[in-house]
Amino acid sequence: MGFLSRIRRLISGQPQLTGGIAILAPVSGDIVAIEKVPDVVFAEKIVGDGIAIDPKGEFILAPIDGTIGKIFETNHAFSIESPQGLELFVHFGVGTVELRGNGFKRLAEEGQQVKAGQPILSFDLAFLRDNVESLLTPVVLANMEDVKQLDKAQGSVVAGKDVIFTVQM
279 MGFLSRIRRL ISGQPQLTGG IAILAPVSGD IVAIEKVPDV VFAEKIVGDG
329 IAIDPKGEFI LAPIDGTIGK IFETNHAFSI ESPQGLELFV HFGVGTVELR
379 GNGFKRLAEE GQQVKAGQPI LSFDLAFLRD NVESLLTPVV LANMEDVKQL
429 DKAQGSVVAG KDVIFTVQM
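For the sequence shown, this note's numbering gives the first residue as 279, with consecutive numbering after it.
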């Protein structure tokens, strides 16, 4: 277990974690290796490790129970922190920031407590497909220093139902 996670648990009185923490798919689609995202920040794991999803559907859901940290002004990405101290970052596509919010709608607010599977953002897949470099949607753990092991799933996933990775802290 990472030092920061131990300190957080000690201060908050949280019990020691046993077993893994399941992270659900925030969007439906096919899992793709994070290294295949055409953006060096994600492909080289600069912001953290995880997976990407080639998306289907119209909603981006909370992948875990937690608190929304930041929702970008352009509504294409958000961060969420779990009660166990996991910090996740969900970023729809590559080149989406240049759309200045077009194709996205905010459904939740910063600081809001959410449950896994709750809609955070909606998106217009047809519009985005025609206007961005890539639809691959990275889901990354920002605080890898607190993670002992990351077990990644493969194949197709359904948003809010299927596990994309399991985290051991």
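Using N, Cα and C, we set each Cβ at its ideal position, and we do this for glycine too. Since the structure is predicted, the reported quantities are computational estimates derived from the model, not experimental observations.
Between the beta-carbon of residue 312 and the beta-carbon of residue 328, is there less than 8 Å?
Judged by beta-carbon spacing, residue 328 lies within the 8 Å limit of residue 312, meaning their Cβ atoms are closer than that value.
Once you ignore the five residues that flank residue 427 on each side, which residues in its own chain have a CB closer than 7 Å to its CB?
For residue 427, where only same-chain residues beyond five positions count, the Cβ hits under 7 Å are 446.
Determine whether the beta carbon atoms of residue 338 and residue 377 lie at a separation below 8 Å.
Taking 8 Å as the cut-off, the Cβ atoms of residue 338 and residue 377 do not count as close.
For the beta strand (DSSP E) containing residue 350, name the first residue and the last one.
Where residue 350 is concerned, there is no enclosing beta strand (DSSP E), given that its DSSP letter is neither H nor E.
Starting from residue 334, follow its DSSP beta bridges and name the residues at the other end.
Residue 334 pairs with 306.
List the whole-angstrom C-beta distance separating residue 353 from residue 371, where the pair is believed to meet the contact cut-off of C-beta under 8 Å.
That belief does not hold up - the Cβ atoms of residue 353 and residue 371 are roughly 12 Å apart, past 8 Å.
How far does the alpha helix (DSSP H) with residue 408 in it extend, from its first residue to its last?
First-last of the alpha helix (DSSP H) with residue 408: 403–409.
Taking all protein chains shown into account, decide if residue 324 is buried (16 or more other Cβ within 10 angstroms of its Cβ) or exposed.
Residue 324 comes out exposed.
Return the CA-CA distance between residue 335 and residue 362, expressed in angstroms with no decimal places.
C-alpha separation (whole angstroms): 29 Å.
Just curious, the alpha helix (DSSP H) that residue 417 is in, first and last residue?
Per DSSP, residue 417 belongs to no alpha helix (DSSP H); it is in the beta strand (DSSP E), 415–419.
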